[in-house]
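When you line the sequence shown up against our numbering, it's residues 3 to 196, in that order. We put the beta carbon where it would ideally sit given N, CA and C, even for glycine.
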Amino acid sequence: LGLASIGLAADQVPVFDSAFTDPDRPWLHLIGDVNGQSPWTHGANREAAILAASMTNSATTNSATAPMPAAMPHCVFTDPPASHVGVSLDDHEAAGGKGVRGVARTSDIARSSTDRLGDGIVVLTIDLDSGVIVGGSAVGPLADELIATVTCWVHLHVTIERAASQVFAFPTISQMVEVAASRGLETWRTARAA
3 LGLASIGLAA
13 DQVPVFDSAF
23 TDPDRPWLHL
33 IGDVNGQSPW
43 THGANREAAI
53 LAASMTNSAT
63 TNSATAPMPA
73 AMPHCVFTDP
83 PASHVGVSLD
93 DHEAAGGKGV
103 RGVARTSDIA
113 RSSTDRLGDG
123 IVVLTIDLDS
133 GVIVGGSAVG
143 PLADELIATV
153 TCWVHLHVTI
163 ERAASQVFAF
173 PTISQMVEVA
183 ASRGLETWRT
193 ARAA
């Protein structure tokens with residue numbers, strides 16, 4: 003990339019502000035893989051929108067002027083696909099939090115038999131103190147699509163009580179998230195009462 007020509011070592015960790023601008027070099031902007039924040043195309047697209055709004059002093063959309071969300075989903079498009087957003091229970095507890103899980107399998111929903119879907123799993127991570135959903139993972143048929151609902155919950159700091167009250171169309175794959183939320187609510191209530 004020729005980083006040495008602008009005074010950066012190739013192994014130097016970039017420094018940038020909320021508009022992805024290097025404070026020491028206001029003409030240098032770091033988006034996408036180069037800044038190490040979000041190595042996914044959808045993350046780079048969001049960073050580009052934030053940078054463009056900052057450079058033009060425009061507020062064309064709310065998403066362009068809002069900071070990067072902590073709830074950045076990512077997917078691995080394998081067979082079956084895998085997806086994740088937020089933090090796992092292990093990571094949440096390693097950071098000093100306490101939590102519980104809500105788990106559902108493909109076999110828990112009607113769509114598994116109508117479409118003869120292979121096995122899959124959705125796991126929600128719920129903060130024990132607040133009841134807020136702080137993460138989720140999915141592996142199996144359409145896991146890359148299932149993560150969208152969980153991303154909304156994590157991004158908007160939705161509690162497990164609120165999430166478990168959401169209605170999902172029958173028979174859809176998204177009912178896996180509904181089952182995981184229902185079970186997560188039961189587990190959270192039990193753990194809170196203990």
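For the alpha helix (DSSP H) holding residue i, just list the boundary residues, first then last.
{"i": "SER139", "result": "Unbroken run through SER139 is the beta strand (DSSP E), 135-141; no alpha helix (DSSP H)."}
{"i": "GLY88", "result": "No alpha helix (DSSP H) contains GLY88, which is instead part of the beta strand (DSSP E) from 84-88."}
{"i": "ARG113", "result": "113-116"}
Got a sec? Which residues, its chain only, sit under 7 Å from residue i by beta carbon, not counting five neighbours each side?
{"i": "TRP155", "result": "ILE135 and ALA165"}
Cβ of residue i within 8 Å of Cβ of residue j?
{"i": "GLY133", "j": "THR161", "result": "yes"}
{"i": "THR116", "j": "PRO143", "result": "no"}
{"i": "LEU32", "j": "ASP24", "result": "yes"}
{"i": "ALA195", "j": "VAL102", "result": "no"}
{"i": "ALA140", "j": "LEU148", "result": "yes"}
{"i": "VAL179", "j": "VAL152", "result": "yes"}
{"i": "PHE22", "j": "ILE52", "result": "yes"}
{"i": "ALA84", "j": "ALA171", "result": "no"}
{"i": "GLY38", "j": "GLU49", "result": "no"}
With which residues is residue i paired in a DSSP beta bridge?
{"i": "CYS77", "result": "SER85"}
{"i": "LEU126", "result": "GLY104 and GLY138"}
If you drop the 5 nearest sequence neighbours on each side, which residues of the same chain put their C-beta closer than 8 Å to that of residue i?
{"i": "LEU5", "result": "ALA11, ALA12 and GLN14"}
{"i": "ALA97", "result": "VAL89"}
At a Cβ threshold of 8 Å, is residue i touching chain D?
{"i": "GLU95", "result": "Within the model displayed, chain D is absent; a lone protein chain is all it includes."}
Self-check item: Stretch-stretch touch, CB-based, cutoff 8 Å, three pairs: the region 173-187 with the region 121-130
Solution: Under the Cβ criterion (8 Å, minimum of three pairs), the region 173-187 counts as touching the region 121-130.
Exercise. Could you tell me whether the region 40-47 touches the region 72-84, using the rule of 3 or more Cβ pairs below 8 Å?
Key: yes
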